[in-house]
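Take 1 as the starting number for the sequence shown in full-length UniProt numbering and just add one per residue.
All C-beta atoms, glycine included, are put in the ideal place defined by N, C-alpha and C.
Down below is the structure, laid out as structure tokens.
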Amino acid sequence: MAWFSKKPRIAVDTEPQAEPRPSRMEGLWAKCETCDEIIYRQELEKNWMVCPHCEHHHYWAARARLATLLDPDSFEEFDQALEPQDPLGFSDSKKYKDRLKSTRKNLGEPDAFISGVGRIQGHQVSVGCFVFEFMGGSMGSVVGEKVARVFERAHELKCSAIVFSASGGARMQEGIFSLMQMAKTSAAIARFRTGTRPYISVLLNPTTGGVAASFSWLGDVILAEPKALIGFAGPRVIEQTIRQKLPEGFQRSEFLLDHGMIDGIVHRKDLRAKLGQILGLLG
């Protein structure tokens with residue numbers, strides 16, 4: 001009866017396994033970052049990507065934002081042919097040129113900024129919006145050039161300028177070329193201010209680093225979304241530097257409003273009306 005002690009042979013499947021089919025329910029639901037409620041994604045998108053339970057403002061894609069805030073069929077995009085290069089031959093865990101190539105392929109965007117001309121409630125505006133999914137909305141030489149052109153175009157057309165900022169700051173892969181964009185964009189605003197039209201800066205979550213330290217803070221009117229993180233360095237970096245505990249809500253838009261750093265906090269559903277009102281008064 002020796003066969004009782006024999007271990008059964010394990011058959012090895014050498015046939016290639018078929019890739020698992022994507023679930024039909026995948027992507028239909030989203031979980032709120034604040035209240036942990038599960039939300040039907042279509043409902044969230046119809047509600048301007050704002051949680052219907054706690055009013056948390058989720059990330060809103062740049063093109064969806066522009067399509068909603070601007071008058072229908074009024075947006076004309078410019079500078080689509082501008083694409084970042086690799087002037088330093090930079091490489092970290094991945095070559096910069098390869099990172100750019102894969103990000104462009106995944107997002108279908110040439111860089112982290114969309115710019116053009118449109119209308120809000122009939123008022124012509126030169127407008128730009130950051131694409132945060134593109135390397136954290138970091139500002140390289142092409143993003144800086146596109147931002148500068150928003151103000152140059154507004155100056156030529158004698159219209160108002162609006163920039164929606166959401167960025168992690170300067171793009172380290174471009175080194176000094178990235179840092180120079182802070183001065184370049186600020187100089188473009190100075191030229192634009194020789195006219196009489198306003199620049200409205202809308203700060204989204206997050207707006208940090210070199211973007212916050214340059215053109216984002218130079219608006220004639222500065223608005224922000226609720227609870228947006230806005231500042232140069234992050235709170236944790238500041239705490240480690242000064243070795244002190246920061247006040248609750250430090251660098252959030254509500255804290256900045258209380259301390260006179262911004263002019264207003266506007267809910268997404270009210271933003272188009274608020275921009276139209278400002279343009280009617282100042283533009």
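For His123, the enclosing beta strand (DSSP E) covers residues His123 to Phe130. For Gly210, the enclosing alpha helix (DSSP H) covers residues Gly209 to Ala212. Around the beta carbon of Asp111, a 10 Å sphere encloses 16 or more other beta carbons of the protein chains shown; the residue is thus reported as buried. Within the model, the alpha-carbon separation for Pro52 versus Gln42 is close to 12 Å. For Cys35, the number of other beta carbons within 10 angstroms of its own is below 16, and it is reported as exposed. Ala61 and Met49 have their C-alpha atoms spaced approximately 9 Å apart. A check of alpha carbon separations from Ala81 across Tyr96, Arg99, Lys97 and Ser115 identifies Ser115 as the nearest. In this structure, the alpha-carbon of Phe132 lies about 15 Å from that of Glu225. Closest by C-alpha distance to Leu256, out of Ala228, Gly122, Trp29 and Phe130, is Ala228. Counting the other Cβ atoms within 10 Å of the Cβ of Glu145 gives 16 or more, which makes it buried.
Beyond the five residues adjoining it in sequence on each side, Gly264 comes within less than 6 Å, by CB distance, of Leu223 in the same chain, given in chain order. Put simply, the backbone Cα of Met182 is about 17 Å away from that of Ile162. Annotation: the continuous alpha helix (DSSP H) that includes Ser186 extends over Gly175 to Phe192.
Inclusion of Ser186 and Ser160 in the CB contact set at 7 Å is not warranted, their separation being larger than that value. Under the Cβ criterion (8 Å, minimum of three pairs), the region 87–94 does not count as touching the region 123–140. Annotation for Arg119: the continuous beta strand (DSSP E) segment containing it runs Phe113 to Ile120. Of all alpha-carbon atoms in Asp220, Gly175 and Gly169, the one lying nearest the alpha-carbon of Gly209 is that of Gly169. Per DSSP, the unbroken beta strand (DSSP E) holding Ser167 starts and ends at Ser160 to Ser167. As a beta-bridge residue in DSSP terms, His57 pairs with Val50.
Looking only at Leu69, Ile189 and Asn205, the smallest Cα-Cα distance to Asp270 is reached by Leu69.
Counting along the chain, the unbroken alpha helix (DSSP H) around Lys105 starts and ends at Tyr96 to Leu107.
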